[in-house]
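Student: Residue numbers (my numbering), protein chains in the order written: chain B, 47 to 160; chain S, 402 to 511. The C-beta atom is built at its ideal place from N, Cα and C for all residues, glycine as well.
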Amino acid sequence: SAVISQKPSRDICQRGTSLTIQCQVDSQVTMMFWYRQQPGQSLTLIATANQGSEATYESGFVIDKFPISRPNLTFSTLTVSNMSPEDSSIYLCSYPRAPTETQYFGPGTRLLVL
Amino acid sequence: RKEVEQDPGPFNVPEGATVAFNCTYSNSASQSFFWYRQDCRKEPKLLMSVYSSGNEDGRFTAQLNRASQYISLLIRDSKLSDSATYLCVVMPGGYNKLIFGAGTRLAVHP
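So this is what it looks like as structure tokens:
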């Protein structure tokens, strides 16, 4: 399977600022996903990052808050905008090896908003 | 009702014990099922897929009951290294979207 990395691995940010998280896969993948894992909770899908088109957002998540880019088949970014302490979470990207297969996750970005 | 429900645990078991985790899902049209393992402060990693006929991988056995919308994971001869959170994951169908359960914590002690 492809190697998937994320940057930064962690950050501490002030409320009202924005942070862009990068996700890099070392081979071309059709689909990439962004998840959030709040403290003590399981993973919740934020959006599907589609190459060449706008991301598809899940209920409760909007583009203005979580803009996503997918400029090519190996890279995606997620921006957490106008952050508040409630945005403190682990943000993970993932990809499936094939359209009907399950997903493999990056190491995550730990975000703390003060 | 949550789409995927699990007993949060924790399950505290001695080494060598057999432990079973259960999971129920609400969408009867769900297509695929998985167990992931998540260690503390790490990303989830695929443990095994779950097939209708049941499947085994070493000490781990997964079962699926579509009629009851129920998935199980059995761990035999528990090791200290099995201590982790086990996530029940359902793919409703279509385009790879995954629905995660809240996870069941397992702590194996000497």
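Just to make sure I have the definition right: I need the residues of chain S whose C-beta is within less than 7 Å of the C-beta of L138 (chain B). Which are they?
Tutor: In the first sequence, counting from the first residue as 1, residue 138 (chain B) sits at position 92. By Cβ distance, chain S contributes E444.
Student: In its own chain, which residues sit with a C-beta less than 7 Å from the C-beta of T63 (chain B), not counting the 5 before and 5 after it?
Tutor: Locating residue 63 (chain B) in the first sequence gives position 17, where the first residue counts as 1. M129.
Student: Please go through the same chain and pick out, in chain order, the residues whose beta-carbon is closer than 8 Å to the beta-carbon of M57 (chain B), but skip the five residues on each side of it.
Tutor: As a position in the first sequence, residue 57 (chain B) is number 11, starting the count at 1. First, the amino acid is wrong: residue 57 (chain B) is Asp here, not Met. If we look at D57 (chain B) and ignore the five residues flanking it on each side, its Cβ neighbours are L65, T155, R156, L157 and L158.
Student: Verify the CB distance criterion: does S105 (chain B) have a CB-CB separation below 8 Å to chain S?
Tutor: On the first sequence, residue 105 (chain B) is found 59 positions in, with the first residue counted as 1. No, its Cβ sits nowhere closer than 8 Å to a Cβ of chain S.
Student: Verify the CB distance criterion: does L91 (chain B) have a CB-CB separation below 8 Å to chain S?
Tutor: Walking along the first sequence from the start, residue 91 (chain B) turns up at place 45. Yes, L91 (chain B) counts as interfacial toward chain S.
Student: Classify T419 (chain S) as buried or exposed, calling it buried when 16 or more other Cβ atoms lie within 10 Å of its own Cβ.
Tutor: What you label residue 419 (chain S) is simply residue 18 of the second sequence in a count that begins at 1. Classification for T419 (chain S): exposed.
Student: Residues in the same chain with beta-carbon distance under 7 Å from L447 (chain S), minus the five sequence neighbours each way, listed in chain order, please.
Tutor: By 1-based counting over the second sequence, the position of residue 447 (chain S) is 46. Counting only Cβ-Cβ distances below 7 Å, and skipping sequence neighbours, we find F435 and Y437.
Student: Among residues of its own chain, excluding the 5 on either side of L499 (chain S), which ones have a beta-carbon nearer than 6 Å to its beta-carbon?
Tutor: Translated into positions along the second sequence, residue 499 (chain S) becomes position 98. Counting only Cβ-Cβ distances below 6 Å, and skipping sequence neighbours, we find V490 and M492.
Student: How is L481 (chain S) classed by DSSP in three states: helix, strand or coil?
Tutor: As a first step, residue 481 (chain S) must be located in the second sequence, where it is residue number 80. L481 (chain S): helix per DSSP, three-state reduction.
Student: Please work out which residues of its chain come closer than 6 Å, Cβ to Cβ, to D440 (chain S), disregarding the five sequence neighbours upstream and downstream, and give them in chain order.
Tutor: Here residue 440 (chain S) refers to the residue found at position 39 when the second sequence is read from its first residue. So the qualifying residues of the chain are A485.
Student: Answer yes or no: do P117 (chain B) and T125 (chain B) have a C-beta to C-beta separation smaller than 8 Å?
Tutor: Here residue 117 (chain B) refers to the residue found at position 71 when the first sequence is read from its first residue. Here residue 125 (chain B) refers to the residue found at position 79 when the first sequence is read from its first residue. The answer is no: Cβ separation not under 8 Å.
Student: Sort S:R442, S:R467 and S:E444 by Cα distance to Y452 (chain S) and report the nearest one.
Tutor: The sequence position of residue 452 (chain S) within the second sequence is 51, counting from 1. If we check each option's Cα against that of Y452 (chain S), S:R467 comes out closest.
Student: What is the C-beta distance between L488 (chain S) and S88 (chain B), in whole angstroms, given that I count them as a contact (C-beta under 8 Å)?
Tutor: As a working note, residue 488 (chain S) is residue 87 in the second sequence. As a working note, residue 88 (chain B) is residue 42 in the first sequence. Indeed, because the Cβ distance is near 6 Å, the residues count as touching under 8 Å.
Student: Compute the Euclidean distance between the alpha carbons of L160 (chain B) and R460 (chain S), then round it to the nearest angstrom.
Tutor: One-based indexing of the first sequence puts residue 160 (chain B) at position 114. One-based indexing of the second sequence puts residue 460 (chain S) at position 59. Using only the alpha carbons, I get a separation of about 44 Å.
Student: Cα-Cα, which of B:S135, B:Y150 and B:D133 is closest to N497 (chain S)?
Tutor: On the second sequence, residue 497 (chain S) is found 96 positions in, with the first residue counted as 1. Closest option to N497 (chain S), Cα to Cα, is B:Y150.
Student: Mind checking T505 (chain S): buried by the 16 CB within 10 Å criterion, or exposed?
Tutor: Within the second sequence, residue 505 (chain S) is the residue found at index 104, counting from 1. Buried: at least 16 other Cβ atoms inside 10 Å.
Student: Are the stretch 75 to 87 of chain B and the stretch 132 to 146 of chain B touching by the rule of at least three beta carbon pairs closer than 8 Å?
Tutor: Yes, the stretch 75 to 87 of chain B touches the stretch 132 to 146 of chain B.
Student: Could you name the residues that DSSP lists as bridge partners for V355 (chain S)?
Tutor: Past the boundaries of the shown model lies residue 355 (chain S); chain S is included only from 402 to 511, so the question cannot be answered.
Student: What are the boundary residues of the beta strand (DSSP E) that includes S59 (chain B)?
Tutor: What you label residue 59 (chain B) is simply residue 13 of the first sequence in a count that begins at 1. Note that residue 59 (chain B) is Cys in the sequence shown, not Ser. Its beta strand (DSSP E) spans residues R56 to C59.
Student: So, are the CB atoms of G410 (chain S) and S479 (chain S) less than 8 Å apart?
Tutor: Locating residue 410 (chain S) in the second sequence gives position 9, counting from the first residue. Locating residue 479 (chain S) in the second sequence gives position 78, counting from the first residue. Cβ atoms of G410 (chain S) and S479 (chain S): not closer than 8 Å.
Student: What does the Cβ neighbour count give for E457 (chain S), buried or exposed, with the cut at 16 atoms within 10 Å?
Tutor: Along the second sequence, one-based indexing puts residue 457 (chain S) at 56. E457 (chain S) should be labelled exposed.
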